[in-house]
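Trainee: Questions regarding the structure given below will be posed in turn.
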Amino acid sequence: MLSHQQVHKIAHLARLDIDPKEEEKFASQLGDVIKHFRILDELETEEIIPTIRVIELKNITRNDTSQLCTNRDLLMEEAPSREGEFFKVPKILNNNE
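Letter by letter, the sequence shown follows residues 2 to 98 in this note's numbering.
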């Protein structure tokens, strides 16, 4: 079990404001977590390849192919904002850049 000072320090680092009653509860819970990690620390893992993620991440994309627009007027009607025959998009750069 962790001491009250250790629990207080952990709570401070986690920016938690806990009262003395909660300190007791957290001391017990954190102690259990540390016991569990000690058990895990005893496992033989030298031949296991380290992983960062449990599930492999990969991008699912479609081919970026150009297509002719057969109905320009319909396309422009769907635009949220337009100026004449052009799409109007929000400004993303300052004049200073």
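We put the CB at the ideal spot given by N, CA and C, even for glycine.
Alpha carbons only, please: which of 4, 47, 44 is nearest the one belonging to residue 25?
Mentor: Closest option to residue 25, Cα to Cα, is 4.
Trainee: To the nearest angstrom, report how far apart residue 53 and residue 66 are at their CA atoms.
Mentor: Between the alpha carbons of residue 53 and residue 66 lies a gap of roughly 34 Å.
Trainee: For the alpha helix (DSSP H) containing residue 29, list its first residue and its last residue.
Mentor: Run containing residue 29: 21–42, per the alpha helix (DSSP H) assignment.
Trainee: Alpha carbon to alpha carbon, how far is residue 60 from residue 37? Give it in angstroms, no decimals.
Mentor: 35 Å
Trainee: Grab the span of the alpha helix (DSSP H) containing residue 10 for me, first residue to last.
Mentor: Looking at the DSSP string, the run of the alpha helix (DSSP H) that includes residue 10 is 5–14.
Trainee: Give the straight-line distance between the Cα atoms of residue 23 and residue 40, rounded to the nearest whole angstrom.
Mentor: 26 Å
Trainee: Distance check for residue 69 and residue 78, CA to CA, integer angstroms please.
Mentor: 17 Å
Trainee: With the cut-off set at 7 Å, would you say residue 28 and residue 19 are in Cβ contact?
Mentor: no
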